Amino acid sequence: TQEDEDTCSDYGSRDKPGTALGRTVPDGNALFPDIFRTDHLLFYERFKAYQDYILADCKASEVKEFTAEYLEKVLEPSGWQAVWHTNVFEVLVEVVDVEYSALKAVVQLCEPFLCESQVSTFTLECMQELLELKERRIPLQELWVVYDESGEFDQTALAVEHVRFFYECIWRTWDEEEEDDFDYFVRCVEPRLRLHYDILEHRVPSGLVADYHNYLSQCEELYRKFLNVRNNIANSDSDSEVENVSMVEGLKLYEKIEHLKQKLKLIENPLLRYVFGYQKYSGLQAKGQRPTGIKITHVVSLTVMANLLQSLIRDKLCPESCGEELEIQFHSDPLAAVNACYEGDTVIICPGHYVVDGMFCIADSIEMEGYGLPDDIVIEKQGKGDNFVDCTGANIKISNLKLVQHDAVEGILNVHQGKTTLENCVLQCETTGITVRTSAELLMKNSDLYGAKGAGVEIYPGSTCTLLDNGIHHCKEGILIKNFLDEHYDVPKISMANNVIHNNEGYGVVLVKPSVASDVKDASADRTAGIFLSMTFSLFSDLGNAQSTQSSDERARVEGFSQELLPECVADELELCKQAEISEGNHEIVSELGATSAKKSQMRRKRLSELGITEADDNLMSQEMFVSIVGNQFKWNGKGSFGTFLF
15 TQEDEDTCSD
25 YGSRDKPGTA
35 LGRTVPDGNA
45 LFPDIFRTDH
55 LLFYERFKAY
65 QDYILADCKA
75 SEVKEFTAEY
85 LEKVLEPSGW
95 QAVWHTNVFE
105 VLVEVVDVEY
115 SALKAVVQLC
125 EPFLCESQVS
135 TFTLECMQEL
145 LELKERRIPL
155 QELWVVYDES
165 GEFDQTALAV
175 EHVRFFYECI
185 WRTWDEEEED
195 DFDYFVRCVE
205 PRLRLHYDIL
215 EHRVPSGLVA
225 DYHNYLSQCE
235 ELYRKFLNVR
245 NNIANSDSDS
255 EVENVSMVEG
265 LKLYEKIEHL
275 KQKLKLIENP
285 LLRYVFGYQK
295 YSGLQAKGQR
305 PTGIKITHVV
315 SLTVMANLLQ
325 SLIRDKLCPE
335 SCGEELEIQF
345 HSDPLAAVNA
355 CYEGDTVIIC
365 PGHYVVDGMF
375 CIADSIEMEG
385 YGLPDDIVIE
395 KQGKGDNFVD
405 CTGANIKISN
415 LKLVQHDAVE
425 GILNVHQGKT
435 TLENCVLQCE
445 TTGITVRTSA
455 ELLMKNSDLY
465 GAKGAGVEIY
475 PGSTCTLLDN
485 GIHHCKEGIL
495 IKNFLDEHYD
505 VPKISMANNV
515 IHNNEGYGVV
525 LVKPSVASDV
535 KDASADRTAG
545 IFLSMTFSLF
555 SDLGNAQSTQ
565 SSDERARVEG
575 FSQELLPECV
585 ADELELCKQA
595 EISEGNHEIV
605 SELGATSAKK
615 SQMRRKRLSE
625 LGITEADDNL
635 MSQEMFVSIV
645 GNQFKWNGKG
655 SFGTFLF
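Here's what the structure looks like:
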């Protein structure tokens, strides 16, 4: 019936004469007939196909079954040609049957024989022998349907494309062993599909993309090793020492896999992607001092008028305290001036609107200052790119500038290492605002930051961040403090005084931390070991149950944590807050950060105790969070002055 045909069709209609799809030459090889061009489908086209026609509300264990049912409805069982494409060769074949349940096509070689290979040994006889070894059954995702202008094979070409894309870009080998109680499309397909298109459209920082592919490769390799270990144990009949070693190895592999899978899920989730962040490696090397030892003042101006030059000479270029001759270089582009700097140089930027195409990479200790008011000295980023300003120098100072960001993927300023001082600046953001990475230090004062679609300021574990007399407003979140409970991270040192944090969509300040603290791992591993000893092929579900049981206990311990365990410096700060009768937001932030810091201290003492160190030196615990949060104003933030985000 017409109704049945509509339910089987992706988009378009078989009633319309002629094909609705384009054509292309396979890998630029003119010897082969053209194939349907299906690899350019839009996000909503793939989304609709998987949600409405292929997967619907199936579970992970039902994916292959649902896909086979879809193919039975839309795939022509025979009579069409395709290019069988592998990493080694391409050969023209004809499909004579389809095994839907196996997602494979039964093929035969076309006449005349047409093959293209990097190796000359693929003759007609060799290819016939290869097909016989495969029983002439070829996975559908290795076939590219030959173009036909009649439109008869449009749905076949689209169906093969959906299968190919799914198993190349969406499916993971471990998906089938995940929890099966949730809608697979919602839990896995949609976030992975969105990430794929976000990457295609340059909406994800290149560093995060590299991290994702790296985690995925690591996880696939570890999972293959884990399957081998698991199969060896399952097929073993003895309780030998070798088997016990294999069980320990399996436990270690499982824990690594789960850790990597968590990272992958965080990146796949568009809401958590920037909360998770990534540790970016900056290969930029500092130049150090000039070989001549002199320091140069770089003056940037679009045009140099006589009165401007006189003012510069009076105010900046001939200070009374300077007893030696200054060397001056003139530039029309602030990016060129910064790139010309060595250690100790100064860049003075005159009033004007500067448009730069590129990013500032500051690896040496320099000063970059505007000559005038920030609104009169505007540096605007042109063109798409990951970063605007990257700071890795030991002591960088930026003042009296307005930075404007457009079409960005990453934040407006990243402090990767060293100390950066930002004073009397205006930052008009696009994605996130300022990011203070682990071991880096930021001093920001008398500045105005707004417009970030993420957090205005992101504070990483192990960093130092001092915010004085700033305005942070009209961002997704005001200030975001990242999870520092992990054993590998140090506690950040945070000082905030007299800032006005207002009109942000979410919280004024938000603390990100895991819903299960990391010290649950040891106890969880003990439980899991018992399961592993008697495991069958249902290992994954058993491990999941063990961890979920432990997580509830851990949460109870965290919730029972009291202010009596606060480190002394935080307790003193709380007392100061009460005495000064400062706003509720300041008190709430100090209290929560102090409790989290104390929890980390407890975790460290526990690990020392397990190592046999019964009397911990107080110096070992000196990494408590230094919190000074006084006199800040929190106004009209959508969710309140402070909140926690559990992941």
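Start counting the sequence shown at 15; every next residue gets the next number (the numbering used here). Glycine included, every Cβ here is placed at the ideal spot set by N, Cα and C. Note that the structure is a prediction, hence the values are computed from the model and not measured.
Range covered by the beta strand (DSSP E) that runs through residue i
i: I213; result: Run containing I213: none in the beta strand (DSSP E); it sits in the alpha helix (DSSP H), 204 to 214.
i: V450; result: 448 to 450
i: T434; result: 433 to 437
i: T658; result: 654 to 660
i: E444; result: That residue, E444, is in no beta strand (DSSP E); it is neither H nor E in DSSP.
i: N428; result: 427 to 429
i: T478; result: 478 to 482
i: R37; result: 36 to 38
i: L349; result: It is not in any beta strand (DSSP E) - L349 instead sits in the alpha helix (DSSP H) that spans 348 to 353.
i: F648; result: 647 to 649
i: L123; result: 118 to 123
Segment limits, alpha helix (DSSP H) that includes residue i
i: G221; result: 220 to 248
i: Y368; result: Looking at the DSSP string, Y368 is not in any alpha helix (DSSP H); the run it does join, the beta strand (DSSP E), is 366 to 370.
i: R304; result: It is not in any alpha helix (DSSP H) - R304 carries neither H nor E in the DSSP assignment.
i: D175; result: Per the sequence shown, the amino acid found at residue 175 is Glu instead of Asp. First-last of the alpha helix (DSSP H) with E175: 168 to 179.
i: T81; result: 77 to 88
i: Q155; result: Taken as a continuous stretch (DSSP letters only), Q155 belongs to no alpha helix (DSSP H), as it is neither H nor E.
i: L323; result: 320 to 326
i: Y58; result: 57 to 62
Cβ-based burial, residue i [other Cβ within 10 Å; buried from 16]
i: K614; result: buried
i: C332; result: exposed
i: G419; result: Residue identity check: residue 419 is Gln in the sequence provided, not Gly. Buried, since its Cβ has 16 or more Cβ neighbours within 10 Å.
i: V318; result: exposed
i: D162; result: buried
i: L11; result: Only positions 15 to 661 of the chain appear in this structure, which leaves residue 11 out of reach.
i: S611; result: buried
i: G302; result: exposed
i: E341; result: exposed
i: F344; result: exposed
i: T542; result: Note on T542: pLDDT 37, under 50, position unreliable in the model; no value is reported.
i: G284; result: Before going on, a small fix: residue 284 reads as Pro here, not Gly. It counts as exposed.
i: Y58; result: exposed
i: L157; result: buried
i: L663; result: A query on residue 663 cannot be resolved here, the shown segment of the chain reaching from 15 to 661 and no further.
Simplified DSSP assignment, three categories, for residue i
i: L69; result: coil
i: K395; result: strand
i: V102; result: coil
i: K148; result: coil
i: S134; result: coil
i: M617; result: helix
i: Y385; result: coil
i: M373; result: coil
i: D421; result: coil
i: D189; result: helix
i: I46; result: The identity of residue 46 in the sequence shown is Phe, whereas the question assumes Ile. F46 falls in the coil class under three-state DSSP.
i: K496; result: coil
i: E578; result: With a pLDDT of 36 at E578, under the threshold of 50, the modelled position of that residue is not reliable, and the figure given next carries that caveat. DSSP places E578 in helix when its eight states are reduced to three.
i: R217; result: coil
i: Y198; result: helix
i: I380; result: coil
i: C405; result: strand
i: T311; result: strand
Whole-angstrom C-beta distance between residue j and residue i, which should lie under 8 Å
i: G165; j: A34; result: 7 Å
i: G468; j: T446; result: 4 Å
i: N401; j: E424; result: 5 Å
i: I362; j: E383; result: 6 Å
i: Y229; j: L274; result: 5 Å
i: L525; j: L607; result: 7 Å
Near the ligand ATP: residue i beta-carbon under 8 Å from a heavy atom
i: V218; result: The ligand ATP is absent from the structure shown, which contains no ligand whatsoever.
| Sufficient close CB pairs (3 or more, under 8 Å) joining the segment 453 to 468 to the segment 484 to 491 | Touching, yes, given that three or more Cβ pairs across the two stretches are closer than 8 Å.
| query | Okay, do the segment 122 to 136 and the segment 95 to 111 touch, 3+ Cβ pairs below 8 Å being the bar? | reply | They touch, by the three-pair rule.
| Counting Cβ pairs, one atom from each stretch, are 3 or more of them under 8 Å apart for the segment 136 to 154 and the segment 116 to 124? | Three or more beta-carbon pairs separated by less than 8 Å link the segment 136 to 154 to the segment 116 to 124, which places the two stretches in contact.
| query | Given 8 Å as the limit, is there contact between the segment 263 to 276 and the segment 299 to 312, that is, 3 or more CB pairs closer than that? | reply | The segment 263 to 276 is not in contact with the segment 299 to 312.
| message | For the segment 189 to 209 against the segment 168 to 175, do three or more pairs of beta-carbon atoms, one drawn from each stretch, fall closer than 8 Å, so that the two count as touching? | response | In short, these stretches do not touch, since the Cβ pair count stays below three.
| Touching or not, the segment 380 to 393 and the segment 406 to 420, by the rule of three or more beta carbon pairs under 8 Å? | Yes, they touch.
| query | Hey, is the segment 504 to 519 in contact with the segment 472 to 484, meaning 3+ C-beta pairs nearer than 8 Å? | reply | Of all C-beta pairs linking the segment 504 to 519 to the segment 472 to 484, three or more are shorter than 8 Å, placing the two stretches in contact.
| Is it true that the segment 200 to 211 meets the segment 91 to 102, where meeting means three or more beta-carbon pairs spaced less than 8 Å apart? | No: the two stretches stay apart, fewer than three of their Cβ pairs being nearer than 8 Å.
| message | If contact is defined by three or more beta carbon pairs under 8 Å, each pair taking one atom from either stretch, is the segment 433 to 449 in contact with the segment 229 to 247? | response | Cβ pair count under 8 Å is below three, so no.
| query | Does the pairing of the segment 64 to 77 with the segment 39 to 55 give three or more beta-carbon distances under 8 Å? | reply | For the pair of segments examined, the segment 64 to 77 was found not to touch the segment 39 to 55: the number of CB pairs separated by less than 8 Å stays below three.
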